[in-house]
Amino acid sequence: MPPQPGAPVLKLPKCDDPEVEQAALAAVDHINQHLHQGYKHTLNRIDKVKVWPRRPFGEVFHLEIDTLETTCHALDPTPLANCSVRTQTQHAVEGDCDFHVLKQDGQFSVLSAKCESTPDSAEDVHRLCPDCPLLIPLNDSRVTHAADAALAAFNAQNNGAYYQLMEIARAQLVPLPASTYVEFAVGATDCVAKEVTDPTKCNLLAEKQYGLCKATVAEKLAGEDVSVTCTIFPTQPAAPQPQPDGVAAPAAEPAAPAADAAAPAAPPAGQPPHPQVL
Amino acid sequence: FLIPPPAGAAPPVPPCPGKIRHFKI
Numbered sequence: 367m368p369p370q371p372g373a374p375v376l377k378l379p380k381c382d383d384p385e386v387e388q389a390a391l392a393a394v395d396h397i398n399q400h401l402h403q404g405y406k407h408t409l410n411r412i413d414k415v416k417v418w419p420r421r422p423f424g425e426v427f428h429l430e431i432d433t434l435e436t437t438c439h440a441l442d443p444t445p446l447a448n449c450s451v452r453t454q455t456q457h458a459v460e461g462d463c464d465f466h467v468l469k470q471d472g473q474f475s476v477l478s479a480k481c482e483s484t485p486d487s488a489e490d491v492h493r494l495c496p497d498c499p500l501l502i503p504l505n506d507s508r509v510t511h512a513a514d515a516a517l518a519a520f521n522a523q524n525n526g527a528y529y530q531l532m533e534i535a536r537a538q539l540v541p542l543p544a545s546t547y548v549e550f551a552v553g554a555t556d557c558v559a560k561e562v563t564d565p566t567k568c569n570l571l572a573e574k575q576y577g578l579c580k581a582t583v584a585e586k587l588a589g590e591d592v593s594v595t596c597t598i599f600p601t602q603p604a605a606p607q608p609q610p611d612g613v614a615a616p617a618a619e620p621a622a623p624a625a626d627a628a629a630p631a632a633p634p635a636g637q638p639p640h641p642q643v644l
Numbered sequence: 103f104l105i106p107p108p109a110g111a112a113p114p115v116p117p118c119p120g121k122i123r124h125f126k127i
């Protein structure tokens with residue numbers, strides 16, 4: 367039967383149609399722009415798509431997409447294109463998302479979004495890599511202790527600002543040597559690390575400076591062995607500053623490890639800020 | 103009559119789901 371005059375007509379384009387991919391990428395951008403914890407996600411597969419006309423103008427894309435966790439934390443300003451996908455041997459995490467994306471005047475905007483994330487199964491991880499550690503709950507006492515011990519060790523060695531814990535982002539129990547691996551986000555405060563007596567009185571800086579720490583804490587007979595490396599991201603101003611005509615704003619750079627940086631130093635004038643590894 | 107596809111022709115690509123960009127879990 368031909369459609370009634372004026373009735374909406376459903377389109378079923380191919381999932382890899384370039385216009386559908388554009389809608390899916392707009393959806394993934396939306397996820398990452400509204401993410402305040404955990405890790406950025408990247409598009410893995412477009413599962414289903416339906417396109418409805420929208421009155422009076424435009425089209426609505428109903429998309430079901432699969433995403434994968436990257437190694438870039440939500441607070442990391444590295445562009446998604448420069449973020450690596452978390453490998454299966456690191457215990458990958460998948461996202462299942464349902465989106466409504468409006469296309470109007472050539473622009474895509476997200477109308478609704480619903481996502482759920484799930485880690486890969488233990489069987490799948492161990493099928494690929496029998497000895498690889500699995501993710502464990504972030505509120506496990508061994509994890510919270512490892513994050514606290516690692517942050518204390520980091521602040522004790524740090525000559526600059528006192529960093530406070532923002533979020534424990536992932537954790538694994540490593541069998542040999544028996545240890546806890548933890549990744550956690552930190553934020554710079556208005557206290558000096560060497561002078562802090564009461565951390566509860568420290569406040570996050572107005573010009574936000576975040577970082578991601580990776581630590582391994584191993585229990586030993588004579589105490590514990592703490593190893594921690596923190597990558598401090600470039601500062602993130604609250605509002606973009608106006609730029610003179612013809613001068614581009616500094617672009618964010620990937621958080622590539624520097625060789626050795628004992629203390630944060632301001633980049634030379636005119637150069638974009640780099641992450642610091644401490 | 104059924105007309106066989108020409109020899110060497112690529113099989114039709116299903117419209118959905120799309121390609122896997124990294125790996126499937």
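Which chain is which? The protein sequence lines are U and S, in order. The number in the working numbering is simply the position in the first sequence, starting from 1, with 366 added. The number in the working numbering is simply the position in the second sequence, starting from 1, with 102 added. Beta carbons are placed, not taken as given, at the ideal position from N, Cα and C, and that holds for glycine.
CB contact check: residue i to chain S, cutoff 8 Å
i, result
"Asn448(U)", "no"
"Asp556(U)", "no"
"Glu435(U)", "no"
"Val451(U)", "yes"
"Leu378(U)", "yes"
"Asp490(U)", "yes"
Beta-bridge partners of residue i, as assigned by DSSP
i, result
"Gly461(U)", "Thr433(U) and Ser483(U)"
"Thr597(U)", "Leu578(U) and Val643(U)"
"Asp591(U)", "Ala584(U)"
"Ser545(U)", "Val540(U) and Ala584(U)"
"Tyr529(U)", "Ala554(U)"
"Val451(U)", "Thr436(U)"
8 Å Cβ cutoff, residue i in contact with chain U
i, result
"Pro114(S)", "no"
"Ile127(S)", "yes"
Beta carbon of residue i nearer than 8 Å to that of residue j
i, j, result
"Cys498(U)", "Thr455(U)", "yes"
"Phe423(U)", "Val386(U)", "no"
"Ala479(U)", "Phe465(U)", "yes"
"Ala513(U)", "Leu531(U)", "yes"
"Gly397(U)", "Cys449(U)", "In the sequence as displayed, the identity of residue 397(U) is Ile instead of Gly. Against a cut-off of 8 Å, the Cβ pair of Cys449(U) and Ile397(U) comes out as no contact."
"Lys702(U)", "Val417(U)", "With chain U running from 367 to 644 in the structure shown, residue 702(U) is simply not present."
"Tyr405(U)", "Glu430(U)", "no"
"Ala440(U)", "Leu401(U)", "yes"
"Ala519(U)", "Val592(U)", "yes"
"Ile122(S)", "Glu460(U)", "no"
"Ala515(U)", "Val562(U)", "no"
"Cys579(U)", "Phe550(U)", "yes"
Whole-angstrom C-beta distance between residue j and residue i, which should lie under 8 Å
i, j, result
"Leu539(U)", "Ile502(U)", "6 Å"
"Val548(U)", "Ala537(U)", "4 Å"
Residue i: contacting residues in chain U (beta-carbon distance under 7 Å)
i, result
"Gly120(S)", "Cys381, Asp382, Arg411 and Ile412"
Per-residue contacts from residue i into chain U (C-beta, under 9 Å)
i, result
"Pro134(S)", "Past the edges of chain S, shown from 103 to 127, lies residue 134(S), and the structure says nothing about it."
Contacts that residue i makes with chain S (C-beta to C-beta distance below 9 Å)
i, result
"Leu500(U)", "Result: empty, since nearest Cβ-Cβ is about 13 Å, beyond 9 Å."
"Gln454(U)", "Phe125 and Ile127"
Amino acids of chain S, ordered along the chain, whose beta-carbon sits closer than 7 Å to that of residue i
i, result
"Val415(U)", "Cys118"
Cross-chain neighbours of residue i in chain S, by beta carbon under 8 Å
i, result
"Glu460(U)", "Ile127"
"Asp486(U)", "Ile127"
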